[in-house]
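Structure, as structure tokens:
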Amino acid sequence: LDLREAKRAISEYSKATSDTRGKLDLMLTYIETGVNFIQSYGDGPESLYDSMLSLLQDAVKIFQSPEGLDFYFEFKHRLNILVWKAENTGYGFGDDVESLITELKISMGKD
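Take 102 as the starting number for the sequence shown in the numbering used here and just add one per residue.
Here is the structure:
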């Protein structure tokens, strides 16, 4: 699991295109892959959790931006699954994910 390379790919994609949907998809895929890794192999280093949480915070900001508003419903199911899968992970990550997604839902005025 090469976190730096994955984040670099997301950054390069974002610079090369104005595809907000594609960027959100890559960001969520990164986080989902990290959570799946933890579920398969056990707790990872704290840096893995920090990296995923940072990217989720960035994704939430994009969803709340004018460019990202239209994509919330498209990704809503994946966000809900992410909350469920992250529930029993370490370092309080599951609680942080749930809090961020709950705040996003409230800010969108939708559940």
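For each residue, glycine too, the CB sits at the ideal point set by N, CA and C.
For this session: Would you verify that the beta carbon of threonine 118 is, or is not, closer than 8 Å to some beta carbon of chain D?
Result: Among the protein chains of the structure shown there is no chain D, as only one such chain exists.
Problem set entry | Spatially closest choice to lysine 108 from Asp120, Met128, Gly123, by CA coordinates | Met128
Exercise. Mind checking whether isoleucine 202 and leucine 180 have CB atoms under 8 Å apart?
Worked result: A contact, by the Cβ cut-off of 8 Å.
Exercise. Is DSSP giving threonine 118 helix, strand or coil here?
Worked result: coil
Problem set entry | Separation of lysine 177 from valine 198, as counted between CA atoms | 14 Å
For this session: Along the alpha helix (DSSP H) that carries aspartate 151, what are the first and last residues, could you check?
Result: 147–165
Problem set entry | Reduced DSSP secondary structure (H/G/I, E/B, other) of threonine 203 | helix
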